[in-house]
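J.: Going down the list, the sequences are from chains A and B.
Mapping the first sequence onto the numbering used here, position 72 (from 1) lands on 217, and the numbers just tick up by one.
Mapping the second sequence onto the numbering used here, position 110 (from 1) lands on 255, and the numbers just tick up by one.
Glycine included, C-beta positions come from ideal geometry on N, C-alpha and C.
2 protein chains.
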Amino acid sequence: MLSAKMEDYLKAIYRLERDGEPPVATSTIADTLDVTPPTATSMVEKLADRELVEREKYKGVTLTPEGKTVALEVIRHHRLLETFLTEELGYDWSEVHEEAEILEHHISEEFERRVAAALDDPEVDPHGDPIPSDALDPIDDIPASALADHGEGTHLLVARVRDRDPEELTYLDGVGVRPGVELVVEEVAPIGIVTVRLNNGETVSLPDHIADAIQVRSPGDAPEEVSEA
Amino acid sequence: MLSAKMEDYLKAIYRLERDGEPPVATSTIADTLDVTPPTATSMVEKLADRELVEREKYKGVTLTPEGKTVALEVIRHHRLLETFLTEELGYDWSEVHEEAEILEHHISEEFERRVAAALDDPEVDPHGDPIPSDALDPIDDIPASALADHGEGTHLLVARVRDRDPEELTYLDGVGVRPGVELVVEEVAPIGIVTVRLNNGETVSLPDHIADAIQVRSPGDAPEEVSEA
DNA sequence: GCGTGTATTTAGATACGTCTAACTGAAAAG
DNA sequence: CTTTTCAGTTAGACGTATCTAAATACACGC
């Protein structure tokens, strides 16, 4: 049996592989999980012993297929829980992350199945992130780019909101910035502010760190259902 | 913060106080939780340090008011979860115990509130056990006695089914023995078998250890709603 | 190609929850 | 009142996950 901590490490490594270049460095893992480098070292040793990661000393780690499967399982749990909490228990989509972060390690396969069934096998969670299938096939992220990378006048559709700060998410949700919403980049000010105009005519100003967390794509290409919101 | 283990000990002590005479002996706790006596000793020391139990060396422990509150909180979580899994996720009432046993330690107060609201603040769980209120007032068990203690011809109502073996519960549920059902004691055989006749005319034979686990009362006195089933 | 600085690992400690083995207190039997 | 028995506690150990402090490897700049 894997501990909740091990699952957290595998999930973190999975994300870091996606976002950067494998192998993933010890210190990067340590930073992500908010532990010291020696802690990360000792953990990746354990994961390597169990053949969940391939480890090259002083270089870093990459997930083995088994490690990847575990990570996908945890991510599936997380995203199913977020969807469930939002749709069935009336949580605001901005406040589900914390709860899912804990419960993802403690639900049974039976629970996973029943929640998926109750939600009719959803494909994306309330943040707009794809939910791994029951078979845990590798997920291809719906291609999208950061709002911050687009120039004035561009017409865009919000694919995901990557932010993890509940307060910021609540604010964004409140002003109407959430997955599935269309917007136009109104102004990119050189002081680190992006202003967008929403469908409803409202304009919203966002600092760079938020504009980085909002992932967008052209309203034209519709990869699959993003109609949850 | 209390660990899941500490909560388990407090819950166990709570039940043992109810079922027997306080103070609760170390070895009884050890037996209940399936650990060795030294383990139980070291744990009750920790609980005493935190003033969750009153401890008299070589005698045993009794819960302090704070300890009792924690125990009730955990029991509330457990029973709300059992009810939720049964009513909202379609679990069979015989298979919810394991899942609730784990999740009870990991849900937030927010989750507890939302589940209670979704279920319309239920007062009993699917086993027929009362759910502690949000205020965690001490629960008075709905008075009931063991089916095994009643003679032939007695007309009874099933209040609770205390068994924890999922296979036995599934069987009992299958043959129609569940909380809220009425029955008549047909025969008490001296070989350790009780035979009962249900509403629907069916008869069911139950060995003593099952007849001990089924709690009954007279169909007349209706303490409060037992209409969940 | 060598030194220096940063990343990484090793060493040793702590807290938790558990164990086995050894010891001790309390209480019943004589 | 002493002995015996057994429940309960103490002692010492282990595995997990973490830390700080010290040692070491790698890689870049000169």
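Does A:R224 come out as helix, strand or coil in the three-state DSSP assignment?
T.: helix
J.: May I have the straight-line CA-CA distance separating B:E373 from B:I284, to the nearest angstrom?
T.: Caution is warranted here: a pLDDT of 39 is assigned to B:E373, below 50, making its placement in the model unreliable, and the coordinate value is therefore given only provisionally. Answer to the nearest angstrom: the Cα atoms are 18 Å apart.
J.: Would you tell me roughly how many angstroms separate the C-alpha atoms of A:Y159 and A:A216, rounded to the nearest one?
T.: 6 Å
J.: Checking contacts by CB at 8 Å: is A:R259 closer than that to chain B?
T.: yes
J.: Using three-state DSSP, classify B:E199 as helix, strand or coil.
T.: strand
J.: What are the residues in the stretch 220 to 235 of chain B lying within 9 Å of chain A by C-beta distance?
T.: L230, E233, L234 and G235
J.: From A:V306, A:V241, A:L208 and A:E327, pick the residue whose C-alpha is nearest to that of A:H354; which is it?
T.: A:V306
J.: Assign B:E152 to one of two classes, buried (16 or more other C-beta atoms within 10 Å of its C-beta) or exposed (fewer than that).
T.: Classification of B:E152: buried, given that the 10 Å Cβ count is 16 or more.
J.: Per the contact definition of three or more C-beta pairs closer than 8 Å, is the stretch 345 to 352 of chain B in contact with the stretch 258 to 269 of chain B?
T.: Judged by Cβ distances under 8 Å, the stretch 258 to 269 of chain B makes no contact with the stretch 345 to 352 of chain B, as fewer than three pairs qualify.
J.: Would you mind working out which of A:P324, A:G205, A:S239 and A:E297 sits nearest A:V333, comparing C-alpha positions?
T.: A:E297
J.: Closest Cβ-Cβ distance between B:A193 and chain A: below 8 Å?
T.: no
J.: Should the stretch 243 to 258 of chain A be regarded as contacting the stretch 222 to 229 of chain A, the criterion being three or more beta carbon pairs within less than 8 Å?
T.: Because the criterion of three Cβ pairs below 8 Å is met, the stretch 243 to 258 of chain A and the stretch 222 to 229 of chain A touch.
J.: To which residues of the same chain is B:V115 closer than 6 Å at the C-beta, ignoring the five residues directly before and after it?
T.: Missing from the structure shown is residue 115 of chain B; chain B here goes from 146 to 374 and no further.
J.: Compare the C-alpha of B:K213 against each of B:I276, B:K156 and B:A293 and name the closest.
T.: B:K156
J.: Around the Cβ of A:M146, are there at least 16 other Cβ atoms within 10 angstroms (buried) or fewer (exposed)?
T.: exposed
J.: Going by C-alpha distance, which of A:A356, A:E233, A:P288 and A:S148 is nearest A:A261?
T.: For A:A261, the closest alpha carbon among the candidates A:A356, A:E233, A:P288 and A:S148 is that of A:E233.
J.: Closer than 9 Å, Cβ to any Cβ of chain B: which residues of the stretch 239 to 260 of chain A, in chain order?
T.: E240, E243, E244, I247, L248, H250, H251, I252, S253, E255, F256, R259 and V260
J.: Near B:P277, what residues of its chain come up, given a Cβ to Cβ distance below 7 Å and the 5 sequence neighbours on each side ignored?
T.: L217, I220, R221 and I284
J.: Which residue's Cα is closest to the Cα of A:L161: A:D176, A:A149 and A:V322?
T.: A:D176
J.: Does any CB atom of chain B fall closer than 8 Å to the CB of A:V334?
T.: Here the sequence assigns Ala to residue 334 of chain A, which means Val is not the residue at that position. For A:A334, the answer is no, since every Cβ of chain B falls outside 8 Å of its Cβ.
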